[in-house]
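To start, the structure under review is shown below, and the notes come after it.
Residue numbers (my numbering), protein chains in the order written: chain A, 1 to 545; chain G, 1001 to 1545.
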């Protein structure tokens, strides 16, 4: 045995060593750690391959379905990960990766994450998390206050009183949205003398007891797909998430919302919740929250705001007014791994009413006993890591000022980029930015008059070709590895609700500069004229000749 | 400005620095990181205060509900975290912390976690995770194979075919259980010509369409509380999780299960799923899975196995037979942050049928498009971190052999500990271990004859006092900070189903030695005789005089 390098697990002694003897400084892992600590951007740039490799090729390195009998060395695995995994992962922190809601992170998040992982707390109960419990409650309270602006006495009373909760921490926005509507559903079908509550009796019994033909949730057609998933999970059925048309700015149409509410009332379908979006995923639009709050009040239903993306806009004195009415929401989803700049896996939902979460309480004998301070009694998840520590650190180290700078900078930059697109004769801005997300497409200048003045049949045909062109350009640019924008489909009124494929850009990374954005346009314009793209141009020319 | 230390965020330049300039080696965070890398156990021992501080005192350090306007320095936050958070967190990796399902972790998990956080991938879609997608599918396939033992051709076909999925990765066992029953529910109320499926139409419509009065899930009374939560969330109602009595070994009673199934059939309640437990949270018991599979087949319902704790027992040639029948389950939950020794926040559910997850698919325009390889189309969560990388590394670096050693060692040690308890005249073993969990209580030798031979009224009174005594001892031992066992309540047949408070010990940490377990018993016996405990002894003496 003595000839075997010390990290291969072959007997209990070597196993024991894996648990007790640290990786050496000059081991492969030790070197990687140092590189990451000293120069993260350098590490990512030098180890992630820029040119795209086909996913089916990457799969070949992950094709073995058997767990190896024999252990391998840590160094072997480290080399494998560097060559096969890291190399073909995505440089989500890159300033030119502007297609999704990712960003570079503040450097301090790295060592803090290490502390979090080393402590390996489990937030489901105080016995495995202790101080992390009040920390998480504090963070939840801070974000509650950001939204609801309660006074000192309110937070003094509720911040640490285990009989109440200002919100629920979770792994991300989807679980936050599920939690919000779970609470809405359970509070709607309340306990009465004849009914033990929907949490006990189930949804079918709840509908019967209350004499409703059904229950529905209303949200704009730009709402996040997680809401449909939520309706599926909660037993409502995805068709009972009712999609409401949007106006020219991708905001929910208040008239359409009112009409739908009336129609549902006539049909004896209970409106369980109205969901406003503060920062739609596709266009960054913000619904008219204040007017939605009025309607929710009129129909006595839960008003949820999905602020997974946009809620941190509240840090900005300049832009917070865009979210007016959010403080009237019964619940608000906030993703910490988005615009709070926390590593992946942290979100939460705050509730205006500190009793709201009572309707989803669960208890057990061994943990989360009644009256305990265990956070797990009111979360969808059970065991959870101490991510709240990173949110706590972000809020204190960046402060309201730091987040305000980030928000303002992002929105200002997006407005500048929108201006650049409008000025460029070969691009069309497809959604005016409200926050820091916009959409656009390549549209050669000689086409513009035909799109503006052509008959609807011609416009439709042009758009069909442009859709393919946009998809093509997005993929080719991604493959070249210099920059990444994403794509989605919108149905703008100016094209009679025809489905239009657009580039989508999200500007949350403070390291993204105007120069980088300019280069993205330059590259797209070049790609559009490459021989491989010629057939799109030919098709378009043929249409307008 | 130049006089300000460089890490306080006061303008865009200083903000920029936070994102681009690493923490210095000799900064507070730099020092902490080094300490953790070089000597984790030393770091935890020297920074976590052993003596318990009252939670309400700890709360005082987390009482501020306002996000500070002004940023603070990274070093200030680091000092705060060390003094206030880390100091009063829980040493979950301690070999004498045997009360919950925590353990020391293999050292290599620390640097690997750092790589994971540095890469900050989002597994919801390939565009933000690329190589992590096939990696996660591989890990899921490996654990699928551990359970179902498919042949090479099966995995060759399904491992990377995006039209199928061998499981769903998630943040932990609760989400895994929800996912399993979500799939079971949606597959039960399938799409027909007249019915668009429960995912579309909702549960109430599904029951009506299929002519059922209700739907139920059956699980032993030792089942995890997350199942009740699952039934609540899915709209079934917690009362439709039917608790089945257990036998003397805390396994589900097959006779009682059959009776209940028959009763439900007579009542026209559809059995949606039968859930077997492989490693109950309280006693580590394993249900007779093979017999349960027969019953599930008879009633044509989904058979789910909650193996959050016990599934890795399959690594052990010696103990895998305890789980016989698990390979017949339609779905199996496995927690990676438990007996796969991964940091908090990783679990998964595997499905026998690679098409099972079709019933919970969701799509959107901007991501998880139809036909894409995006993992997010079939997970409950949306954005998710790349924890699969750590599972991949654990499986390869420890190998089947390493995990087998860990499992065998834990179970053997638990059997030894059970022997020690039985030999000690002042302790009573309350559940014989099957896996690596057992329960016991302090019960002075002079009481034993009265418990064995006393009339039922007396026994009940004795147990009532012992319940308080056990609770007291558990709390005091926890407070002294040398060791931690947890407690729960069981209803053993020998005491006529009276609720009995017991100590609960989980032996998964390979660093826990027999000596440590001996010290735990010695300390408990000492605490039991301290003056503060005298009144329990007096009450017991009074009862049997």
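All residues carry an ideal CB built from backbone N, CA and C; glycine is no exception.
None of these values were measured; they are calculated from a predicted model.
- Residue 1057 (chain G) sits exposed, since fewer than 16 C-beta atoms from the chains shown fall within 10 Å of its C-beta.
- In the DSSP assignment, residue 1273 (chain G) falls within the beta strand (DSSP E) that extends over 1269-1277.
- Pairing residue 489 (chain A) with residue 372 (chain A), the inter-Cα distance amounts to about 48 Å.
- Contact between residue 1507 (chain G) and residue 1414 (chain G) holds: their C-beta atoms lie close to 5 Å from each other, under 8 Å.
- At a cut-off of 8 Å between beta-carbon atoms, residue 464 (chain A) makes no contact with chain G.
- In the structure shown, the three-state DSSP call for residue 1161 (chain G) is coil.
- Here the alpha carbons of residue 1107 (chain G) and residue 20 (chain A) stand approximately 7 Å from one another.
- Bounds of the beta strand (DSSP E) holding residue 1335 (chain G) are 1331-1335.
- Around the beta carbon of residue 321 (chain A), fewer than 16 other beta carbons sit within 10 angstroms, so the residue counts as exposed.
- For residue 128 (chain A), no alpha helix (DSSP H) segment is defined, and its DSSP state is neither H nor E.
- Collapsing the DSSP output to three states places residue 1246 (chain G) in a strand.
- By the neighbour-count criterion, in which a residue is buried when 16 or more other Cβ atoms sit within 10 angstroms of its Cβ, residue 1455 (chain G) is exposed.
- At a beta-carbon threshold of 8 Å, the residues of chain A lying near residue 1043 (chain G) are 118, ordered along the chain.
- Collapsing the DSSP output to three states places residue 1302 (chain G) in a strand.
- Shown here, residue 1064 (chain G) sits in coil according to DSSP, grouped into three states, outside any helix or strand.
- For residue 62 (chain A), at least one C-beta of chain G is nearer than 8 Å to its own C-beta.
- Contact fails between the stretch 274-284 of chain A and the stretch 196-209 of chain A, because fewer than three Cβ pairs, one in each stretch, are under 8 Å apart.
- Proximity of residue 188 (chain A) to chain G, defined by a Cβ-Cβ separation below 8 Å, is not satisfied.
- Within the stretch 339-369 of chain A, contact with chain G at the beta-carbon level (separation under 9 Å) is assigned to 341, 343, 344, 345, 347, 360, 362, 363, 364, 365, 366, 367 and 368.
- Taking a C-beta cut-off of 9 Å against chain G, the contacting residues of the stretch 218-243 of chain A are 224, 225, 226, 228, 229, 231, 232, 233, 234, 235, 236, 237, 238, 239 and 240, listed in chain order.
- Of the candidates A:521, A:190 and A:167, the residue whose Cα lies closest to the Cα of residue 146 (chain A) is A:167.
- Chain A places a beta carbon closer than 8 Å to that of residue 1402 (chain G), counting this residue as a contact.
- Taking all protein chains in view, the Cβ of residue 1309 (chain G) is crowded by 16 or more other Cβ atoms within 10 Å, so the residue is classified as buried.
- According to DSSP, residue 347 (chain A) shares a beta bridge with A:170 and A:335.
- Secondary structure at residue 1123 (chain G): coil, using DSSP grouped into helix, strand and coil.
- Take the alpha-carbon of residue 1266 (chain G) and the one of residue 1208 (chain G): they are about 17 Å apart.
- The Cβ atoms of residue 228 (chain A) and residue 238 (chain A) sit closer than 8 Å to each other.
- Between residue 1273 (chain G) and residue 1181 (chain G), the CB-CB gap stays under 8 Å.
- Identification of chain G residues near residue 492 (chain A) by a Cβ-Cβ cut-off of 7 Å yields none; the smallest Cβ-Cβ distance measures about 14 Å.
- Annotation: residue 421 (chain A) to residue 446 (chain A) spans about 16 Å, alpha carbon to alpha carbon.
- Note that the C-beta distance between residue 183 (chain A) and residue 351 (chain A) is below 8 Å.
- Annotation for residue 222 (chain A): 246, 250, 277, 280, 282, 283 and 285 place their beta carbon closer than 7 Å to its own, counting only its chain and skipping 5 residues before and after.
- Residue range 214-220 is occupied by the beta strand (DSSP E) that includes residue 219 (chain A).
- Contact between the stretch 357-365 of chain A and the stretch 1141-1155 of chain G is absent: fewer than three C-beta pairs spanning the two stretches fall below 8 Å.
- When A:87, A:83 and A:30 are compared, the shortest CA-CA separation from residue 48 (chain A) is found for A:87.
- Just measuring C-alpha positions, the residue of A:302, A:304 and A:332 sitting nearest residue 314 (chain A) is A:332.
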